[in-house]
Amino acid sequence: MIYIETGSDDVYYNFGLEYYFTVEKKLPDTVFLFWRTTPTLMVGKYQNVLEEINTPYAKEHGIHLVRRMSGGGTIYTDLGGWQYTFIQHRDTDQIDFREFIEPVVDALRELGADAAFNGRNDLTVGGKKFSGNAQYRLDGCIVHHGSLLFDTDIEQMVAATTVDPYKILSKSIKSIRDRVTNLSEHLPQSLTAAEFKECMVRHILRGSTDEYCLTPEDDRRIRELAAEKFNNWDAIYGANPKFNIERTGRCDGGKIQFKMDIQHGIIRSASVYGDFFATLDTSVITGALTGCRYERAAVLQALCDHGVDGAVYRISAREMAGIIVD
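The numbering of the sequence shown is this note's numbering, which starts it at 62 and goes up by one.
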């Protein structure tokens, strides 16, 4: 097994590194990474971002958003948690978590945590979840990655992933607290996040001293891949599946309702209803929206470019954009 220190807490860089050593620079043995990120929401490959996260909260709190190349659900990560990756150059069409999870479970048990694999893709301690795992196949390789809640901000995790406006946050936190836990609460001795990492890496490597150090050329290419494949609008929102959405707002000028079909992050068709007053036909509004990216800044620009701002009594283009994309 070959260990690589990523040297970064930037999620886009770390996923770029993962991709680089999967596709472009294949090392002669299984690659192992142990890394963490600043506050980040990682959305699964097949998920609709808008259904999985609290977008306004994430933006307000500077939480990064990334789409993984693996399936599974959305997870929240921060500097109080850790991620691990195994890259194995072996061509198979089967998904098997156990092979990669067992070394992690063994390491945690050696640290004194009574960790267990639930049989699907989660790890638990004391009946509570502290880890989720995912896998994907790419270019003849297996990539397995997982998360470890060590001292994660559970309150922020709940707030960032609670999208139903009718949920009461305090109740959501209580519910999540009943189902998830931080590993730091289950270890016999107190460890800092850095000490925990050191122990985990040492246990999983089992005496192996093989380590690959990134070269300036590696670093440059990894940064390019991070920007090309992970840190851009198309990678995050453009991969959204087709869906319909209905948004309603009540403004000083009356009620206004938008119904839209969204495909790959683009508004393909739209309808507008309400009891508002306007000096233009609603076809101008729908025409502005059709073909526009489903993001607030793009919607606002499109509405302004089509002369909508000021044409609807006491409902500005900025208000409309805020209703269409929260």
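Ideal placement from N, C-alpha and C gives every residue a C-beta, glycine not left out.
Query: 6 Å CB neighbourhood of I385 in its chain, flanking five on each side removed; Result: R308, F319 and V360
Query: Endpoints, the alpha helix (DSSP H) within which L361 is located; Result: R357 to D366
Query: Per-residue DSSP class, three states only, for I404; Result: Because the chain spans 62 through 387 in this model, residue 404 falls outside it and cannot be assessed.
Query: Residue environment, N115, which counts as buried when at least 16 other CB atoms sit within 10 Å; Result: buried
Query: V72, buried or exposed, once every other Cβ within 10 Å from all chains shown has been counted against 16; Result: buried
Query: Closest Cα partner of R304 within the set N194, L275 and Y355; Result: Sequence check: residue 304 is Phe here, not Arg. Among N194, L275 and Y355, the Cα nearest to that of F304 is on Y355.
Query: Element boundaries [beta strand (DSSP E), containing I48]; Result: The first residue shown for the chain is 62 and the last is 387, placing residue 48 beyond what the model contains.
Query: Among E79, G173 and G68, nearest to S251 - alpha-carbon criterion; Result: G173
Query: Counted within 10 angstroms of its Cβ, other Cβ atoms place P100 as buried (16 or more) or exposed; Result: buried
Query: Anticipated Cβ contact below 8 Å, Y298 with A221, distance rounded; Result: With a Cβ gap of about 17 Å, Y298 and A221 do not count as contacting.
Query: Burial state of W143, where buried means 16 or more other Cβ atoms lie within 10 Å; Result: buried
Query: Contact check, L264 vs E160, beta carbons under 8 Å; Result: The sequence shown places His at residue 264, rather than the Leu named in the question. Their beta carbons are not under 8 Å apart, which means H264 does not touch E160 by this criterion.
Query: Alpha-carbon to alpha-carbon, P277 and V92; Result: 19 Å
Query: Neighbourhood of H150 by C-beta distance below 6 Å, restricted to the same chain and skipping five residues each side; Result: K87 and C202
Query: Residue from K190, G132 and G105 whose Cα sits closest to the Cα of L126; Result: G105
Query: Under the three-state DSSP convention, the category A177 falls into; Result: strand
Query: Contacts around C312, its chain only, beta-carbon distance under 6 Å, and the 5 residues preceding and following it disregarded; Result: I376 and E380
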